[in-house]
Amino acid sequence: MFSIFFRPCGFLALSLTVLLTGCIKKNAGDQTEAANRTELLFGEYGSMTGPESTFGISTHKGIIMAVEEANSTGGVKGKKIRVISYDDQGRPDEAVTTVTKLITQDRVSLILGEVASSRSIAAGAIAQQYKIPMISPSSTNPKVTEIGEYIFRVCFIDPFQGSVMAKFAMESLKYKTAAILRDVKADYSVGLANFFASDFTKRGGTVVADLSYSNGDVDFKAQLTAIKGKKPEVLFIPGYYTEVGLIAKQAKEMNYKGVLLGGDGWDSEKLTEIGGDAIVGGYFSNHYSHEDKNPVVQNFVTRYKSKFGEVPNGLAAMGYDAAIVAIDAAKRSADLSSKGLRDAIANTKNFQGVTGIITINDERNAIKPAVVLKVAGNNLYQYVTTINP
Amino acid sequence: MNKRFFLIAIPVVAALYGLDYFLNEYINEYVVRVIMNCGIACILSMSLNLVNGCAGQFSLGHAGFMAVGAYVAATLTTVFPAGPSFQSHLGVGMAILSGGIAAGLAGYLVGLPSLRLRGDYLAIVTLGFGEIIRIVILNIEAVGGPRGLPGIPRLSSFFWIYVWAAITGLVLFRIIRSSVGRALLSLREDEIAAESMGINTAKYKVQAFVISSFFAGIAGGLFAHYQGFVDPSSFSFNRSVEVVIMVVMGGMGSISGSVIGAIIVTVLPEFLRFLDKFRMVVFPLILIILMLLRPMGLLGHKEIWQLFRFKRSLKKAVA
Amino acid sequence: MTLHAFIQNLINGLAAGSVYALVALGYTMVYGVLQFINFAHSDIFMLGAFGGLYLASWLAGVHPQPLQLALIMIGTMAFCVIVALTVERIAYRPLRNAPRLNVLITAIGVSLFLENLSQVVFGADPQLFPSIIKTVPLLEGDDIILNNIQVLVVGVSLFLMLILHWIVHHTKLGTAMRAVSFDIQIASLMGIPTDLVIAFTFVIGSSLAGSAAILYGLSYPKIEPFLGVMIGLKAFVAAVFGGIGSIMGAAVGGIVLGLAEVFTVYYISSSFRDAIAFAILIVILLVRPQGLLGSVRKVKV
Amino acid sequence: MSTEAAKRLLWLDDVSILFGGLKAVSHFNFHLKPRELCGLIGPNGAGKTTIFNLITGVYKPTSGAITLSGEGITQHPPFEIVKRGIARTFQNIRLFGELSVLDNVLISYHMKIGYNYPDLLLRTKRFVTVEADRVKKALSLLAIFGLDARADLVASSLPYGDQRRLEIARALATEPKALLLDEPAAGLNSREKVDLMETISMIRKRFDLSILLIEHDMKLVMGICERIVVLDHGEVIAEGSPREIQDNPKVIEAYLGVD
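If you want it as structure tokens, here you go:
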């Protein structure tokens, strides 16, 4: 009789001991330990499962590739780099838990992540608290690096990207009226839409309609009916490719004839797959183009293709860049202490990444150009122009 | 209040305070974080148990009340102009309490339709309310809408979380072991018979909802103030389901069962990290198997200490 | 503009609502017979969409197109039926006499399991549902657009609902189903094989979900493991709105919900698209708990 | 108030109820005097239980009025009606099965709760004494039915006959002026039925209340009731002393049917 109760009890006790063996706190400020280790530990957190898992997985592939390449050429200061990756399921609270685990249990020297700004903001606070440098590959919200001096990013920020497309629409395409269809559930999309709107009006254009949807929606005909009524020349959709493909398709079905514009969220082979010929002729801003003739890019694309059997998208490239910026900083740093790593990252200047030449500014953001791509159909994105900050 | 209460309460509070110090000094933060998550989960599951387990009203909207508590408390300490004056332990305590009260009011509103509905309908309505609360928050720009609300002072410590967990347990336990608790149990057993024995079923359903949401709100406030950041996606339907699983796993109506359920549901996924993407497949599987093999949950209607007492009386009967 | 826009929204809402209606029928039938919300129904729908996707690639060579579509649809329906019956046999039947709450929780568990398993199997990245039939505009005014897919969706839905109505009201099996939904114990005493009837209810519900999945895939060709969640919830709302257990009710509920959503997005804001469904639900349950076309069942004392 | 009215504890004045167009009870006139033991009989489906449900507020009459001690209770919810002094048992026992025998009785004391939330949260002296008194009271009530030794058992584990008795005890704990018993002898063997007859008579004397009894067992009804009302198709077809009812041709017809 007793065993019925004690069996789970015993199990709990056992698991508790297992838990406790690994949980004795080591001196938080102890940097000699990290320096004395035979390997250099990087932590990565991202959405490996859940609706946004595709972002996390692409980024992860880029990071893994960068680290493997670095290790094959001898690692850093004679140490191999090891990446510990955790899934945060696309939840900010899980992101905080995983980053806490990376820092306090696994005792990594540096953290790479996240794609979504909301999770980078939540978990960045932890990294800042423990003074462990964190590099976000592709969180474009300005607030991310405002957390503190240990938080960096290797991508441009929303205000710049928003203005890129506004400038492009006005100056290159010579359009005067625009409509916006924003994803209100994505901070990224809302930010981009706001910056586009203000820049477009500042340059003398008119935003005739500003409507919204939520990611996960599949029917946009009501919004498109309203937009069509206002007859804008361009429709700016700063969303993710998951919805943009459907929006383009339905816009075509609704006989909307304006030009579609978007941001780096469009970057995926799925965009043309779902959007079909409806999305052809649309323009979007991106961190890089795999069509870019620059040998650095072409080299990267070839290596990535042979490793994973697919064309790297922007997120994979950003993940790769975040990792090589970190590795480069580790090589340059005096010691491998977190302070040393931080200072080395902050001093990154004119570093050749796949997504352009990266310079980290005083706000710990990357100063780099954006490219504008034109969707040519069948997973082809033509390089149109580069817009410098 | 009697002497015995203080004889127990003072050492408990002192022990929690000492443990707080110990954890902060000697145990790594990740483990502390999981322990704190357990504390919050305990508050959530115990409070939901009052509605689901004791009163037999099936609610799937607990995350919504947690969201109300989290956002109200966080707004007071962060967005509100007088916010900084709240940024002390006392201030945060007041903010969390306000969050609980706001959630209680929301619980009152949700409790009202529950008067006319039962079973699955109530489940779906509470689910709907939870979603509506989340959508409303998504549309309030002042608290960041979909972007969430960062920069919340991180002042909920192990001590505060577990003091609140202890208060929750004590309050719920005392309610259940009183005439009010018996009235709630009678609702679960047979509403018509309860009504025929003079129980104002409507009144007690609403009271159960209010008390339960109040503590969910407290849990939300605590969550916000140790997370340092809240956003609507933390309070989705999945969170509600998680709490339901805790209650069901532990045993409907068993407060100590809820605590065990909360600990398992919080700690187990941490151990299952090695399963990688299969982790989220294993979890529902465990739930299904539990329902098929042990539908009453681990403890059933009983409290953990009653299992011992039951055995003792059995032994006596045998002897 | 306003009148044209109104008509356009009406067309779009009707097409969207038809899919809700088909899924709602599955909920309403299972609820009618077993009195529990089959949360996994939405995931049967999702699996149907994936099943259709793979079937379409196998049957890519079949011509003409209507035949191909019919084959895919029948194949998908069969696939959904197999999944649903397996779920019913393994997870639901052992709990037939358990408290309803347990069954509900099991259903939630099955739903989460199917979603997360699909994510492992199919990946979380959305996949393209092939356009088996090319979208052709039938009515192409400047302001009002109507295409063949929309007509097909409404037409097929209507056809399936009529068949269902006939099965339930004019066949022996339908009578047995109604008897079981009235009182399962008495029905069983009268010699009705209740397990069989219940299984058949799942067959009908899941085959409707399968056909709805194909229609959905044709209209919104983006398939991912979590696509069932919101559609499922809304379809259930539609079923409750129309009156649970009522076939007409589910049909009407689905279409009203489809229209309500489109008009909410058009006239208010898209962020309230999901809220409106639940608001409707709460209002209807407060004002008329038995739903629009449902009948009151007196509590037996 | 006239002296006639004062004699009526419970009064149903021309009460009817429709279920989906069907008249379940039609123009029912009835009154129960203080300390009276009255039987309500009739074939299955005659509307007897419906009348109980009407009196206790589970159903609301389509027309007519119900009065208890001169106060209209027609629109009151069930729990208000219990407070005013009508308690009942159910045809198919509705105990709180998972709760203990003691708790089943204690729930009936809830309407006179006697303390408030601060009391119960802080376990004040008031709470402790009230609870102790209740338990004492409940145990002595259970003792009358020979259930006090099994007070800690789960109610559903009791044998059938004891469940019936517990249901009566639970109803008595609400301290009613009138007790409505719905087929209390159903499912009992003949020995238990004799016990039950004694119990019912004892209850009436000891608790000084009126009893309205639905029962199919004629021997039991004829044996203890002072007055019997016969119902068929929702209408009263006969009323009078047991002897009068026994000889009434309409009653025989209703029970045996006409060729």
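Residue numbers (numbering that gives the first Met the number 0), protein chains in the order written: chain A, 0 to 388; chain B, 0 to 318; chain C, 0 to 300; chain D, 0 to 258.
A virtual CB, placed ideally from N, CA and C, is assigned to each residue, including glycine.
A quick note: this is a predicted structure, and the numbers were derived from the prediction, not measured.
Listed by chain order, chain B residues near residue i by CB distance under 7 Å
i	result
residue 313/D	Here chain D has residues from 0 to 258 only, and residue 313/D is not among them.
residue 185/A	145
Sheet register partners of residue i (DSSP bridge)
i	result
residue 30/D	10/D
residue 139/C	144/C
residue 177/D	85/D and 209/D
residue 350/A	357/A
residue 203/B	Its beta-bridge partners do not exist; DSSP assigns none.
residue 133/A	110/A and 150/A
residue 37/D	211/D and 226/D
residue 371/A	284/A and 384/A
residue 57/D	DSSP, once it has assigned bridges, lists no residue as partnering residue 57/D.
residue 79/A	38/A
CB-CB length for residue i against residue j, believed under 8 Å
i	j	result
residue 38/B	residue 161/B	5 Å
residue 113/C	residue 46/C	7 Å
residue 75/C	residue 50/C	5 Å
residue 204/C	residue 83/C	7 Å
residue 320/A	residue 347/A	Contact flag wrong, Cβ pair sits at about 11 Å.
residue 317/A	residue 154/A	6 Å
residue 60/B	residue 126/B	6 Å
Extent of the continuous alpha helix (DSSP H) to which residue i belongs
i	result
residue 186/A	186–201
residue 121/C	99–121
residue 110/D	Note, residue 110/D: premise wrong, no alpha helix (DSSP H); not H, not E.
residue 119/D	116–121
residue 208/A	Run containing residue 208/A: none in the alpha helix (DSSP H); it sits in the beta strand (DSSP E), 205–212.
residue 12/B	2–25
Sequence-distant residues of the same chain with beta carbon closer than 7 Å to residue i, five excluded per side
i	result
residue 103/D	94, 95, 154, 165 and 169
residue 27/A	A caution first: residue 27/A carries a pLDDT of 46, below 50, which makes its placement in the model too unreliable to give a value.
residue 54/C	71, 74 and 75
residue 386/A	163, 166, 167, 368, 369 and 371
residue 140/D	104, 168, 171 and 172
residue 1/A	With a pLDDT of only 41 at residue 1/A, under 50, the local geometry of the prediction cannot be trusted, and the value read off the model is given with reservation. Closer than 7 Å at Cβ, skipping near neighbours: no residue.
Proximal residues to residue i (C-beta, below 8 Å), its chain only, five neighbours per side dropped
i	result
residue 239/C	252, 280, 283, 284 and 290
Cross-chain neighbours of residue i in chain B, by beta carbon under 9 Å
i	result
residue 281/C	112, 124, 127, 128 and 131
Other residues of its chain near residue i: CB distance less than 6 Å, five sequence neighbours each side excluded
i	result
residue 322/B	Since the first and last residues shown for chain B are 0 and 318, residue 322/B lies out of range.
residue 232/A	174, 176 and 257
residue 317/D	What the structure shows of chain D is the stretch from 0 to 258, and residue 317/D is not part of that stretch, so it cannot be assessed.
Boundaries of the beta strand (DSSP E) in which residue i is found, first to last residue
i	result
residue 152/A	150–152
residue 181/B	Here residue 181/B belongs to no beta strand (DSSP E); instead the alpha helix (DSSP H) covers 178–188.
residue 43/A	38–45
residue 238/D	234–239
residue 182/A	176–182
Neighbouring residues, chain B, relative to residue i (Cβ below 8 Å)
i	result
residue 99/C	118 and 119
residue 121/A	147, 149, 226, 227, 228 and 230
Contact list for residue i against chain D, beta-carbon separation under 8 Å
i	result
residue 300/B	97
Where residue i meets chain A, residues with beta-carbon distance less than 8 Å
i	result
residue 11/C	218, 220, 221 and 224
residue 155/B	Those within 8 Å of residue 155/B in chain A number zero; the least Cβ separation is about 13 Å.
Interface partners of residue i on chain A, CB under 7 Å
i	result
residue 29/B	99, 100, 103 and 104
residue 124/C	53 and 269
Under 8 Å from the C-beta of residue i: neighbouring residues of chain C
i	result
residue 245/A	219, 220 and 221
residue 50/A	123, 223 and 225
Interface residues of chain D facing residue i [CB-CB closer than 9 Å]
i	result
residue 182/B	106, 109 and 112
Neighbouring residues, chain D, relative to residue i (Cβ below 7 Å)
i	result
residue 199/B	78
Any chain E beta carbon closer than 9 Å to residue i
i	result
residue 276/B	Note that chain E does not occur in the displayed structure, where the protein chains are A, B, C and D.
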